[in-house]
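Line order of the protein sequences matches chains A and B.
This note's numbering puts the first residue of the first sequence at 1, with every later residue one more than the last.
This note's numbering puts the first residue of the second sequence at 1, with every later residue one more than the last.
Every residue gets a Cβ at the ideal spot worked out from N, C-alpha and C, and that includes glycine.
Shown next, in structure tokens, is the structure this report addresses.
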Amino acid sequence: MADPELVRFTTDNGLRVVLAPDPTAPVVGVSVHYDVGFRSEPEGLTGFAHLFEHLMFQGSESLEKLAHFRHVQSSGGTFNGSTHPDYTDYFEVLPSAALERALFLEADRMRAPKLTAENLANQIEVVKEEIRLNVRNRPYGGFPWILLPPVLYNTFANAHDGYGAFEDLEGATLEDCAAFFDTFYSPANAVLTVAGDFEVENAKALIEKHFGDVPYRPAPPRRSFAEPAPTSELYGEHQDAHAPLPALAVGYRMPDPINELDGYLAYLVLASVLTDGDGSRLQQRLVHREPLVVDIGAGAGLFGPFEARDPDTFTITAIHPPDVSRERVLAALDEELEKLASTPPDEQELKKVTARWAASLHSEHDRLVSRTLAFGAFELLYGDATLVHRLADRMSAITGEAVSAAAKALRPDSRAVLVIKPANSEGTDQQ
Amino acid sequence: MTSATHRSAAEIGRTATGPRPLPPLGSQSPAADLSHVDTTLSNGLRVVAVRKATVPLVEVRVWIPFAGEDKLHPATAEVLAETLLTGTARRDRVEIDAELALIGGDLGTGVDPERLYVTGSALSSGLPTLLDVLGDVFTGATYTDAEVGRERERLIERIAVSRTQPRTIAREALQKQRYGDHPATREVPQASDVEVVTPEQVRALHAASVLPRGSVLVIVGDIDPQTVPADLERALGGWASDRSALRLPALPELTGGNVLLVPRSGAVQSQIRLSAQTVPRTDPRYPSLQLANLAYGGYFSSRLVENIREDKGYTYGAHSGFEFTDQNATVNVDADTANEVTAAALLETRYELGRLGLVPPTADEVESVRQYAIGSLLTSTSSQTGLAGQVMALASTGLGVEWLQEHPARIAAVTGEQVAQAALDFFAPKRFTGVVVGDADLLGPKLTALGDVTVGEEAVGEETAGEQA
Chain A
1 MADPELVRFT TDNGLRVVLA PDPTAPVVGV SVHYDVGFRS EPEGLTGFAH LFEHLMFQGS
61 ESLEKLAHFR HVQSSGGTFN GSTHPDYTDY FEVLPSAALE RALFLEADRM RAPKLTAENL
121 ANQIEVVKEE IRLNVRNRPY GGFPWILLPP VLYNTFANAH DGYGAFEDLE GATLEDCAAF
181 FDTFYSPANA VLTVAGDFEV ENAKALIEKH FGDVPYRPAP PRRSFAEPAP TSELYGEHQD
241 AHAPLPALAV GYRMPDPINE LDGYLAYLVL ASVLTDGDGS RLQQRLVHRE PLVVDIGAGA
301 GLFGPFEARD PDTFTITAIH PPDVSRERVL AALDEELEKL ASTPPDEQEL KKVTARWAAS
361 LHSEHDRLVS RTLAFGAFEL LYGDATLVHR LADRMSAITG EAVSAAAKAL RPDSRAVLVI
421 KPANSEGTDQ Q
Chain B
1 MTSATHRSAA EIGRTATGPR PLPPLGSQSP AADLSHVDTT LSNGLRVVAV RKATVPLVEV
61 RVWIPFAGED KLHPATAEVL AETLLTGTAR RDRVEIDAEL ALIGGDLGTG VDPERLYVTG
121 SALSSGLPTL LDVLGDVFTG ATYTDAEVGR ERERLIERIA VSRTQPRTIA REALQKQRYG
181 DHPATREVPQ ASDVEVVTPE QVRALHAASV LPRGSVLVIV GDIDPQTVPA DLERALGGWA
241 SDRSALRLPA LPELTGGNVL LVPRSGAVQS QIRLSAQTVP RTDPRYPSLQ LANLAYGGYF
301 SSRLVENIRE DKGYTYGAHS GFEFTDQNAT VNVDADTANE VTAAALLETR YELGRLGLVP
361 PTADEVESVR QYAIGSLLTS TSSQTGLAGQ VMALASTGLG VEWLQEHPAR IAAVTGEQVA
421 QAALDFFAPK RFTGVVVGDA DLLGPKLTAL GDVTVGEEAV GEETAGEQA
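Here it is in structure tokens:
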């Protein structure tokens with residue numbers, strides 16, 4: 001199947017646009033990615049990028065509070081937004097008749113969101129409930145995405161909790177919101193994506209009609225979040241009152257996802273060689289042969305690959321019984337990495353991994369919402385939405401030697417180990 | 001903070017030209033016709049094959065009714081599901097995984113009191129291999145002692161993890177409150193039962209219950225549906241029995257009752273779970289009921305979400321939705337809330353139930369949920385996985401692709417009066433029962449003061465991993 005043509009252009013106010021027509025189902029996806037995530041939020045305001053994402057749904061000049069939800073849903077559509085380390089996205093998926101409405105809704109809040117003290121107070125409460133639900137009242141809440149970064153990283157940007165501390169959230173002011181919007185939510189700092197059932201010329205005209213008069217403001221200069229890799233094994237622990245079993249997360253630094261993409265992809269292949277499927281190396285050894293762990297997984301990124309610039313994190317996580325020491329788990333991990341470092345995986349092993357990657361990329365992009373968001377994120381982070389169509393081939397071209405080199409770089413003396421201790425775990429720690 | 005000079009919030013919220021009108025809807029293209037086959041194989045397995053060639057993949061779902069009355073059934077069934085794919089006479093566990101990997105494939109299994117299910121996908125070029133593996137495990141899964149032993153241990157550890165999840169605790173409490181000890185309530189087996197399951201029992205359960213007759217296989221993707229039945233006869237024809245897969249005994253009808261406060265000391269958040277009897281999709285009232293549910297709490301712009309989240313900030317998410325079990329259907333309402341506002345959230349949840357019948361959805365509300373119901377059906381069936389899930393949900397209750405294609409017209413025909421009637425008939429507060437799981441010391445006084453709330457026993461998983469080790 002030939003990949004459909006993407007149409008890419010930039011409007012006069014600096015908004016980058018990606019159009020991905022596909023008539024196979026009568027639905028469209030619309031997304032806006034802003035180039036700001038929780039790594040960019042100000043010190044003392046942890047969780048602010050995510051809190052601000054909530055506020056963007058609370059009304060704008062033409063739309064009363066709740067109108068955004070009502071207009072999307074009463075047009076037959078669904079919507080959401082999410083905050084990542086390096087971007088924040090907003091999206092709708094609707095029957096194709098509602099394309100212009102979706103563009104109108106996104107343009108209106110890009111032009112003039114209604115930021116009010118009442119909505120801010122309300123959404124602070126909602127976000128606190130979200131954190132209680134996903135972190136504080138749940139076993140392994142925030143594991144590892146909130147808990148690992150402060151062990152592996154030193155700078156505020158990389159180390160802090162992207163969900164935020166309650167006292168920071170409660171301290172957020174309307175003034176902070178105004179400054180954040182004017183700094184980061186300009187059209188020149190955003191990518192608009194439309195995918196699905198529409199005519200390109202019609203979409204272009206609608207985009208000009210609704211976004212054309214959003215005033216230009218310069219995009220903020222891009223900050224670097226670079227910091228040196230660790231020079232020793234770093235260690236952290238966390239008491240989890242709800243967790244029944246100990247767990248650990250190992251975090252490593254990995255190649256620059258943007259400027260060393262093939263190096264980055266080698267780590268993704270490595271992650272699959274290690275933990276994807278019953279035949280993978282760590283599953284076979286640590287789950288089935290020895291067995292030392294209940295579950296084990298490896299991967300790139302705090303929420304998945306391709307959603308952050310440098311530095312990005314390679315993680316291995318495991319939940320294990322209390323009578324297995326973490327040293328045994330780590331020793332087995334290091335031995336398997338050592339084997340891969342000295343002997344590259346053969347063609348057959350690579351083929352298994354790349355066939356599964358090809359299928360999972362197809363499957364992900366078969367869902368209109370995922371496809372729309374992937375185009376937007378790749379345009380924003382990589383400057384090239386068409387890379388989405390080439391990823392599977394790039395993955396297939398990764399050599400055994402490259403995977404071997406990636407395994408060799410995952411050194412014990414340059415990583416972070418985070419240990420989750422269940423409540424009442426006295427006597428189970430072998431340290 | 002980040003910008004040296006910036007506008008005030010008030011300046012940001014207005015422009016010289018002022019508010020603009022909402023654009024009208026454009027023209028809507030129709031959903032594509034779904035070319036499909038719906039037939040029964042010689043072994044009694046119903047097959048629904050649908051062509052959707054958006055990507056070069058194929059999705060397969062198998063649903064095997066899998067009820068059992070035996071006390072050990074839930075544990076044995078869970079071990080069976082975990083070991084079904086761990087080996088046959090022709091392939092061991094690693095070989096199964098390797099063959100699937102080479103076709104970009106995956107197979108997964110799961111079980112609940114109603115059914116055993118298998119979910120699979122692969123590049124469509126790998127379909128013959130995928131079907132061959134399926135046929136192999138259905139007819140020849142070996143359940144070796146070593147694999148059963150190991151999966152049993154993992155399962156015990158996973159049950160420990162699962163029983164610490166507030167949603168699992170709440171679900172278990174709700175099931176008990178609604179259905180007593182009907183087999184449908186045994187969703188997570190007891191670790192002590194899993195511990196004593198033997199390989200022989202697992203093999204016996206496979207022989208007795210992994211049966212094609214009465215089961216359904218759905219296949220969706222880049223396929224020719226016309227050729228699928230013959231391919232399946234070849235791959236699965238050897239999977240045969242005269243007996244039929246075992247369906248769950250009918251669930252008792254819910255008649256409403258008190259809400260049970262299930263104590264969970266130290267919880268920082270409470271789970272509110274309410275439930276009432278409704279009717280299945282085949283009932284003529286279902287489309288109006290569906291719209292009434294959306295208006296109540298079935299989508300974000302619903303009365304419940306606008307009240308307890310957007311107006312009062314009591315919860316991150318509140319939701320109401322249907323649960324279909326064999327021929328039975330209920331509507332379930334759920335919200336997780338902070339301790340301080342739990343009683344107030346329950347009050348508002350009941351208030352909105354009452355109001356739905358007494359102040360029925362307006363014409364605008366009805367139009368909104370109507371468009372949402374039609375549009376979200378279009379969206380959810382626009383991907384292979386979404387379509388496969390929808391078709392399987394329908395097929396398991398005897399419906400077919402036609403029902404899916406005709407449903408938008410049924411929704412379009414619902415009148416406001418019918419929605420109002422469904423709201424009154426099905427959403428009256430007195431029809432509901434349920435649980436609140438949370439810190440009883442903090443919640444008890446306010447919840448019992450509300451009325452129709454009784455305090456129950458502490459919710460704890462009976463075993464912990466520590467005791468197992």
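Contact list for A:Lys352 against chain B, beta-carbon separation under 7 angstroms: For a Cβ distance threshold of 7 angstroms, residue set Ala98, Ala101 and Leu102 of chain B lies close to A:Lys352, ordered along the chain.
Please name the residue, chosen from A:Val72, A:Arg111 and A:Arg223, that lies closest to B:Val369 on a Cα-to-Cα basis. When each option's Cα is compared against that of B:Val369, the closest is A:Val72.
According to the Cβ coordinates, are A:Leu274 and A:Val324 closer than 9 angstroms? Cβ distance not < 9 angstroms, so A:Leu274 and A:Val324 don't count as in contact.
Roughly how many angstroms lie between the CA atoms of A:Ala165 and B:Gly398, to the nearest whole one? Using only the alpha carbons, I get a separation of about 50 angstroms.
Is A:Pro422 helix, strand or coil by DSSP? Residue state for A:Pro422 is assigned as strand, using DSSP reduced to three classes.
Under 9 angstroms between C-beta atoms, does A:Ile258 make it to chain B? No, because no Cβ of chain B sits closer than 9 angstroms to the Cβ of A:Ile258.
On the DSSP bridge assignment, give the partners of B:Ile272 in chain order. B:Ile272 pairs with B:Ala335 and B:Val436.
Sequence-distant residues of its chain with Cβ nearer than 7 angstroms to B:Arg178 (five each side left out): So the list reads Leu254, Ser275 and Thr433, once near-sequence residues are dropped.
Which residues in chain A sit within 8 angstroms of B:Asp336, going by Cβ to Cβ distance? Within 8 angstroms Cβ-Cβ: Glu129, Arg132, Leu133 and Asn137.
State buried or exposed for A:Asn137, treating a residue as buried only when at least 16 other CB atoms are found within 10 Å of its CB. The residue is buried, with at least 16 neighbouring Cβ atoms inside 10 Å.
Proximal residues of chain A, C-beta to C-beta of B:Ser35 below 9 angstroms: Those do not exist, as B:Ser35 stays about 13 angstroms from chain A at its closest Cβ, beyond 9 angstroms.
May I have the straight-line CA-CA distance separating B:Phe427 from B:Val55, to the nearest angstrom? Their Cα atoms are separated by approximately 42 angstroms.
Under 7 angstroms by beta carbon: chain B residues contacting A:Ser75: For the C-beta of A:Ser75, the chain B residues within less than 7 angstroms are, from N- to C-terminus, Leu25, Gln371 and Gly375.
Strictly under 9 angstroms for the Cβ-Cβ distance: is A:Asp334 near chain B by that measure? For A:Asp334, the answer is no, since every Cβ of chain B falls outside 9 angstroms of its Cβ.
Using 9 angstroms as the limit for Cβ to Cβ distance, is B:His6 near chain A? When Cβ-Cβ separations below 9 angstroms define contact, B:His6 makes contact with chain A.
In or out: B:Thr5 buried (at least 16 other Cβ within 10 Å) or exposed? With fewer than 16 Cβ atoms within 10 Å of its Cβ, B:Thr5 is classed as exposed.
Would you list the residues sitting across from A:Glu237 in a DSSP beta bridge? Partner(s): A:Val419.
How many Å lie between A:Glu118 and A:Thr173 at the Cα? The straight-line gap from Cα to Cα measures roughly 11 angstroms.
Is the Cβ of B:Gly108 closer than 9 angstroms to any Cβ of chain A? At least 9 angstroms separates the CB of B:Gly108 from every CB of chain A.
Below-9 angstroms beta-carbon distance, B:Pro19 vs any chain A residue: Yes - at least one Cβ of chain A is within 9 angstroms of the one on B:Pro19.
Output the distance between the C-alpha atoms of B:Asp136 and A:Val329, rounded to the nearest integer angstrom. As the crow flies, the alpha-carbon of B:Asp136 is around 34 angstroms from that of A:Val329.
May I ask you to list, following chain order, the residues of the region 186 to 199 of chain B that have a beta carbon less than 7 angstroms from some beta carbon of chain A? Hits within the stretch: zero.
Unbroken beta strand (DSSP E) runs of length 3 or more, entirely within the region 247 to 323 of chain A: which are they? Secondary structure remark: continuous beta strand (DSSP E) runs of at least 3 residues inside the region 247 to 323 of chain A, in chain order: 247 to 253, 295 to 300 and 313 to 319.
Per DSSP, cross-strand counterpart(s) of B:Glu402: Answer is none; B:Glu402 lacks a bridge partner.
Pick helix, strand or coil for A:Leu19, following the three-state DSSP scheme. Strand at A:Leu19.
At the 9 angstroms Cβ level, is A:Ser60 part of the contact set with chain B, yes or no? The Cβ of A:Ser60 sits closer than 9 angstroms to at least one Cβ of chain B.
Per DSSP, what are the beta-bridge partners of A:Val27 in this structure? Per DSSP, the beta-bridge partners of A:Val27 are A:Pro95.
For the beta strand (DSSP E) holding B:Trp63, just list the boundary residues, first then last. Taken as a continuous stretch (DSSP letters only), the beta strand (DSSP E) holding B:Trp63 covers Leu57 to Pro65.
Report the neighbours of A:Gly81 on chain B: residues whose CB is nearer than 8 angstroms to its CB, in chain order. Here the premise fails: no neighbours, minimum Cβ distance about 12 angstroms.
Excluding five sequence neighbours on each side, which residues of the same chain lie with their C-beta closer than 6 angstroms to the C-beta of B:Ser288? Sequence-distant partners of B:Ser288 (beyond 5 residues in either direction) whose C-beta falls short of 6 angstroms from its own C-beta, in its chain, are Val414, Gln418, Val419 and Ala422.
In the DSSP output, which residue or residues are listed as bridge partners for B:Asn328? In DSSP, B:Asn328 forms a bridge with B:Thr325.
From B:Leu424 to B:Leu358, what distance separates their C-alpha atoms? Cα to Cα, the separation comes out at about 7 angstroms.
Nearest to A:Ile296 (by Cα), restricted to the options A:Leu333, A:Asp312 and A:Glu307: Among A:Leu333, A:Asp312 and A:Glu307, the Cα nearest to that of A:Ile296 is on A:Leu333.
If we cut at 9 angstroms on Cβ distances, does B:Ile219 have a partner in chain A? For B:Ile219, no Cβ of chain A is located within less than 9 angstroms of the residue's own Cβ.
Could you give the first and the last residue of the continuous beta strand (DSSP E) run that contains A:Phe79? Where A:Phe79 is concerned, the enclosing beta strand (DSSP E) starts and stops at Thr78 to Thr83.
DSSP on A:Leu192, reduced to helix/strand/coil? Under the three-state reduction of DSSP output, A:Leu192 falls in the strand class.
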